[in-house]
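Enquirer: 308 is the number of the first residue of the first sequence in the numbering used here; add one for each residue after it.
Mind looking over this structure? Questions follow.
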Amino acid sequence: MEADNNEKSLNFIEQIIDKDLLEGKNGSRVHTRFPPEPNGYLHIGHAKSICLNFGLGIKYGGKTNLRFDDTNPTKEEDEYVNSIIEDVKWLGFQWDGDICYTSNYFQQLYDWAVQLIKEGKAYVDDQSAEEISAQRGTPQKPGVESPFRNRPLEENLDLFERMRRGEFANGEKVLRAKVDMASPNMQMRDPVMYRILHASHHRTGDKWCIYPMYDYAHGQSDYIEQITHSICTLEFENHRPLYDWFLDQIATGDRPQQIEFARLNINYTVMSKRKLLELVEGNYVSGWDDPRMPTISGLRRRGYTPESIRNFTDRIGIAKRDNVIEYSLLEFLLREHLNKITKRVMAVLNPLKLTITNYPEGEFEEVELVNNPEDENSASRKLPFGRNIYIEQADFMLNASRKYYRLSVGREVRLKGAYIIKCNDYVADENGEITELLCTYDPETKSGSGISRRVKATLHWVNAEKCIDAEVRLYDRLFTDEDPAGHKEIDFKEFINPDSLKILSNCKLEPSLAEAKAEDKFQFQRLGYFCVDKDSSKEKLVFNRTVSLKDSWAKRK
RNA sequence: UGACCCAUGGUGUAAUGGUAGCACUACAGUUUUUGGUACUGUCAGUCAAGGUUCGAAUCCUUGUGGGUCAACCA
308 MEADNNEKSL NFIEQIIDKD LLEGKNGSRV HTRFPPEPNG YLHIGHAKSI
358 CLNFGLGIKY GGKTNLRFDD TNPTKEEDEY VNSIIEDVKW LGFQWDGDIC
408 YTSNYFQQLY DWAVQLIKEG KAYVDDQSAE EISAQRGTPQ KPGVESPFRN
458 RPLEENLDLF ERMRRGEFAN GEKVLRAKVD MASPNMQMRD PVMYRILHAS
508 HHRTGDKWCI YPMYDYAHGQ SDYIEQITHS ICTLEFENHR PLYDWFLDQI
558 ATGDRPQQIE FARLNINYTV MSKRKLLELV EGNYVSGWDD PRMPTISGLR
608 RRGYTPESIR NFTDRIGIAK RDNVIEYSLL EFLLREHLNK ITKRVMAVLN
658 PLKLTITNYP EGEFEEVELV NNPEDENSAS RKLPFGRNIY IEQADFMLNA
708 SRKYYRLSVG REVRLKGAYI IKCNDYVADE NGEITELLCT YDPETKSGSG
758 ISRRVKATLH WVNAEKCIDA EVRLYDRLFT DEDPAGHKEI DFKEFINPDS
808 LKILSNCKLE PSLAEAKAED KFQFQRLGYF CVDKDSSKEK LVFNRTVSLK
858 DSWAKRK
């Protein structure tokens, strides 16, 4: 038993696979697939599915396909295809073989549909969507059969062929599977297999004007690709009998099995492509990659690392019960990774002028700081120090309590990597705003000199003459409510956090940051992790706050 | 008034008939030239009732609570 201590326990899907392997099912192959519909950008919920499917492929020495489930030309676009490909790669995964598209199988799907018609298992229905819907019944009440249900085979064949040829308008006819209108499972009540859509498809153009529905296309696509384990989310559980029914009609060899797991939910955010689209189209955010979005591209722009996201999907586990993960777990894993890899730099977001009155005017010296104390191989760099510096406004307080460790008149602090200073006086403007601090430094206390005494706090700073300017964007959660989409009476957009973005345009950075490029990541000492935004340029540096450092002082207040 | 699924600390997830564990959160402390990191500790859990068993979170029954399903979406 205790030999297993180092081994991670298996989730229920891995247990199923282990059993299948043991029984030699499907020739003991493992072949999964990630099947997004290209109708939006991927979000972190998809990351869970990506890591699961590709992870299983890797773990069992099997394969994983990337398949675009593109059966609805009215919603799908190449822009989405491209973003999905980029996101999967960025997360660190590589699919086997070529990228697959359900649209590649349109002809085969059509042929199988003809076969079903010939076997009397599918029929063309002339009724409107409303009529069909009315006949479907309710979960409690069985449906009634369509008047067209038993039309002759030849007529069905002819009509279906003419549907394909474009002789009918959208909605005029559908092809339905003949299953069971009285089934207690609504999915089995003669589901629609094909609908007429005179729309141009992003890949097949105008070749087709009838398109297969998800239920008819998905399992067959899995079968064509020799998928062994077709993993999807819980809402498809009721579809499984239908998934199997279609396979029963056509499959002769190995066949895939559908396994459902609980989708990811995270508090203080929304996780549906429809709602995210709404945020984008309503300009509530700047786009799919707005750093506040839970999209992969948004997280990337915000400064998340693929490692932290993969780690996250690993920690949350795979199970069947509904779950809401706390955002703090994601942030914990993010900080954990960023703490190891980022260079520490000094940046002052809300500058307050500080003059060291006993430091000679016009003189500078260099002080040395390690780039990352967490990394013993880390190099160090030199920073200019002088008479005039900036510190953070929040690091000075006029009437400071004993719990406040930072600067106040008469108190001492250390300037990180430099000297201990003492605040003697301050200057205020006509409004009482403090505009400048007057301090003296103790030349004996230079960092590394070995001469030191205990001070309560160490502050970050930049040299006022030799710093560079930048814009810094501070992000907070996009929603103020833990479950913005969970209120029946209130639209989720009502909960958008008005303070989710704060732009600081007068930030002062240490000069080494001048060359930073988009997506470069840093720890701004004592403040948090920041990355260069894609809006950044040599002329105007722009940083995003990825996540703040944990702040036990802020909590105490 | 149907079918299917689910139920373990605040959150997530283990334990697969044999000592209820891990992580996050919260709180307290140690270390610290980041009020960070690291480390230590504390609080806190098997939905309920019956049954089977030497022994039940685990198996059975019933109940309770929650989720999904009535797109020509996926």
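Beta carbons: idealized from backbone N, C-alpha and C, even for Gly.
Remember, predicted model here, so these are calculated numbers, not experimental data.
By DSSP, does MET495 sit in helix, in strand, or in coil?
Expert: Translated into the one-based positions of the first sequence, residue 495 becomes position 188. Of the three classes helix, strand and coil, the one that applies to MET495 here is helix, per DSSP.
Enquirer: Taking the alpha helix (DSSP H) that ILE323 belongs to, which residues open and close that run?
Expert: Sequence index remark: in the first sequence, residue 323 carries index 16 (1-based). First-last of the alpha helix (DSSP H) with ILE323: 319-329.
Enquirer: Let's see if you can read the secondary structure: which residues bound the alpha helix (DSSP H) around GLY399?
Expert: Taking the first sequence and counting its residues from 1, one reaches residue 399 at position 92. No alpha helix (DSSP H) holds GLY399; DSSP gives it neither H nor E.
Enquirer: Would you mind sorting GLN414 into buried or exposed? The rule is 16 or more other CB atoms within 10 Å of its CB.
Expert: Mapped onto the first sequence, residue 414 falls at position 107. It counts as exposed.
Enquirer: Tell me which residues share the same chain as GLU681 and place their Cβ nearer than 7 Å to its Cβ, disregarding the 5 neighbours each side in the sequence.
Expert: Numbered from its first residue, the first sequence carries residue 681 at position 374. Around GLU681: ASN646, LYS647.
Enquirer: For ALA861, which of helix, strand or coil comes out of DSSP?
Expert: Your numbering for residue 861 matches position 554 in the first sequence. In this structure, ALA861 counts as helix in the three-state DSSP scheme.
Enquirer: What residue from GLY594, ARG599, VAL592 has the CA that sits closest to TYR575's CA?
Expert: Taking the first residue of the first sequence as 1, we reach residue 575 at position 268. The residue with the shortest Cα to Cα distance from TYR575 is ARG599.
Enquirer: Roughly how many angstroms separate the alpha carbons of ARG496 and LYS366, rounded to a whole number?
Expert: Within the first sequence, residue 496 is the residue found at index 189, counting from 1. Within the first sequence, residue 366 is the residue found at index 59, counting from 1. Cα to Cα, the separation comes out at about 39 Å.
Enquirer: If contact is defined by three or more beta carbon pairs under 8 Å, each pair taking one atom from either stretch, is the region 651-668 in contact with the region 590-607?
Expert: No, the region 590-607 is not in contact with the region 651-668.
Enquirer: Taking its Cβ as the centre, do 16 or more other Cβ atoms sit within 10 Å of MET308, making it buried, or is it exposed?
Expert: Your numbering for residue 308 matches position 1 in the first sequence. Annotation note: pLDDT 28 at MET308 (below 50); position unreliable, coordinate value reported separately. Classification for MET308: exposed.
Enquirer: Could you name the residues that DSSP lists as bridge partners for HIS508?
Expert: Here residue 508 corresponds to residue number 201 of the first sequence, with the count starting at 1. In the DSSP output, where bridge partners are listed per residue, HIS508 has GLY512.
Enquirer: Is the distance from the Cβ of ILE534 to the Cβ of ARG852 below 7 Å?
Expert: Within the first sequence, numbered from 1, the residue matching residue 534 stands at position 227. Within the first sequence, numbered from 1, the residue matching residue 852 stands at position 545. Contact flag unset, no.
Enquirer: Measure the beta-carbon distance from ALA420 to TYR501 and round it to whole angstroms, keeping in mind my assumption that it falls under 8 Å.
Expert: Here residue 420 is taken as the residue at index 113 of the first sequence, counted from 1. Here residue 501 is taken as the residue at index 194 of the first sequence, counted from 1. Between TYR501 and ALA420 the Cβ distance is about 6 Å, and since that is below 8 Å, they are a contact.
Enquirer: On a CA-only basis, which of LYS689, GLU588, GLU344, GLN442 is nearest VAL674? Give me that one, please.
Expert: Translated into the one-based positions of the first sequence, residue 674 becomes position 367. Among LYS689, GLU588, GLU344, GLN442, the Cα nearest to that of VAL674 is on LYS689.
Enquirer: Please classify ILE632: does DSSP put it in a helix, a strand, or coil?
Expert: Position 325 of the first sequence holds residue 632. Correct three-state label for ILE632: strand.
Enquirer: Pick from LEU766, ARG760, LEU808, VAL769: whose alpha carbon is nearest that of ASP783?
Expert: On the first sequence, residue 783 is found 476 positions in, with the first residue counted as 1. Taking only the C-alpha atoms, the option nearest ASP783 is LEU808.
Enquirer: Within its chain, find whatever has a CB closer than 7 Å to the CB of MET488; leave out the 5 residues flanking it on each side and keep chain order.
Expert: As a first step, residue 488 is located in the first sequence; it is residue number 181 there, counting from the start. Once the five neighbours on either side are set aside, the close Cβ partners of MET488 are PRO449, GLY450, VAL451, GLU452, ARG496, ASP497.
Enquirer: Look up ALA626 in the DSSP assignment and say whether it is helix, strand or coil.
Expert: For this step, residue 626 is matched to residue 319 along the first sequence. Three-state result, ALA626: coil.
Enquirer: For ASP529, which option in LYS514, TYR550, VAL587 has the closest C-alpha, if you only look at C-alpha atoms?
Expert: Position 222 of the first sequence holds residue 529. ASP529 has its Cα closest to that of TYR550, out of LYS514, TYR550, VAL587.
Enquirer: Under 8 Å Cβ to Cβ from ARG642, same chain only, skipping five residues before and after it: list those, please.
Expert: As a first step, residue 642 must be located in the first sequence, where it is residue number 335. Cβ within range, chain order: TYR836, VAL854, LEU856, LYS857.
Enquirer: Please report how far the alpha carbon of GLN447 lies from the alpha carbon of ARG780, in whole angstroms.
Expert: Residue numbering aside, residue 447 sits at position 140 when the first sequence is read from its first letter. Residue numbering aside, residue 780 sits at position 473 when the first sequence is read from its first letter. Going from the Cα of GLN447 to the Cα of ARG780 covers about 53 Å.
Enquirer: If distances are taken between C-alpha atoms only, which option among GLY610, ASP377, LEU482 comes closest to ALA506?
Expert: Within the first sequence, residue 506 is the residue found at index 199, counting from 1. It is ASP377.
Enquirer: Name the residue from GLY364, GLU778, PRO343, ASP522 whose alpha carbon lies nearest to the alpha carbon of ALA654.
Expert: Taking the first residue of the first sequence as position 1, residue 654 is located at position 347. Of GLY364, GLU778, PRO343, ASP522, the residue nearest in Cα terms is GLU778.
Enquirer: What does a CB cutoff of less than 7 Å around MET578 pick up in its chain, not counting 5 residues either side in sequence?
Expert: Within the first sequence, numbered from 1, the residue matching residue 578 stands at position 271. For MET578, where only same-chain residues beyond five positions count, the Cβ hits under 7 Å are HIS350, GLY352, LEU571, ASN572, PRO601.
Enquirer: Take every Cβ of the region 755-771, pair it with every Cβ of the region 717-724, and state whether three or more of those distances are shorter than 8 Å.
Expert: These segments touch.
Enquirer: Going by other Cβ atoms of all chains shown within 10 Å of its Cβ, with 16 needed for buried, is HIS338 buried or exposed?
Expert: Walking along the first sequence from the start, residue 338 turns up at place 31. That one is buried.
Enquirer: Could you compute how far the alpha carbon of TRP515 sits from the alpha carbon of ARG471?
Expert: Within the first sequence, numbered from 1, the residue matching residue 515 stands at position 208. Within the first sequence, numbered from 1, the residue matching residue 471 stands at position 164. Taking the straight line from one Cα to the other gives about 7 Å.
Enquirer: At 3 residues or longer, what runs of the beta strand (DSSP E) sit wholly inside the region 352-404?
Expert: Counting only runs of 3 or more, we get 370-375.
Enquirer: Between ILE391 and TYR726, what straight-line distance do the alpha-carbon atoms span, to the nearest angstrom?
Expert: Residue numbering aside, residue 391 sits at position 84 when the first sequence is read from its first letter. Residue numbering aside, residue 726 sits at position 419 when the first sequence is read from its first letter. Each residue's alpha carbon lies about 51 Å from the other.
Enquirer: Between the beta-carbon of LYS480 and the beta-carbon of ASP418, is there less than 7 Å?
Expert: For this step, residue 480 is matched to residue 173 along the first sequence. For this step, residue 418 is matched to residue 111 along the first sequence. Against a cut-off of 7 Å, the Cβ pair of ASP418 and LYS480 comes out as no contact.
Enquirer: With a CB to CB cut of under 8 Å and the five nearest residues on each side skipped, what residues in its chain are close to ASP749?
Expert: Taking the first sequence and counting its residues from 1, one reaches residue 749 at position 442. TYR726, ILE727, ILE728, LYS729, listed in sequence order.
Enquirer: Taking all protein chains shown into account, do 16 or more other C-beta atoms lie within 10 angstroms of the C-beta of PHE319, making it buried, or fewer, making it exposed?
Expert: Mapped onto the first sequence, residue 319 falls at position 12. Answer is exposed; the Cβ neighbour count stays below 16.
Enquirer: Would you tell me roughly how many angstroms separate the C-alpha atoms of THR540 and GLU461, rounded to the nearest one?
Expert: If you number the first sequence from 1, residue 540 lands on position 233. If you number the first sequence from 1, residue 461 lands on position 154. THR540 and GLU461: Cα-Cα distance of roughly 39 Å.
Enquirer: What residue from GLU826, PRO613, ALA861, LEU661 has the CA that sits closest to SER844's CA?
Expert: Within the first sequence, residue 844 is the residue found at index 537, counting from 1. Nearest C-alpha to SER844: GLU826.
Enquirer: Just the C-alpha distance for PRO491 and LEU466, rounded to the nearest angstrom, thanks.
Expert: Residue 491 sits at position 184 when you count from the first residue of the first sequence. Residue 466 sits at position 159 when you count from the first residue of the first sequence. Whole-angstrom Cα-Cα distance: 30 Å.
Enquirer: CB-CB under 7 Å to ASP702, same chain, minus the five flanking residues each way: which ones, in chain order?
Expert: By 1-based counting over the first sequence, the position of residue 702 is 395. Same-chain partners within the cutoff: ARG713, LEU714, LEU766.
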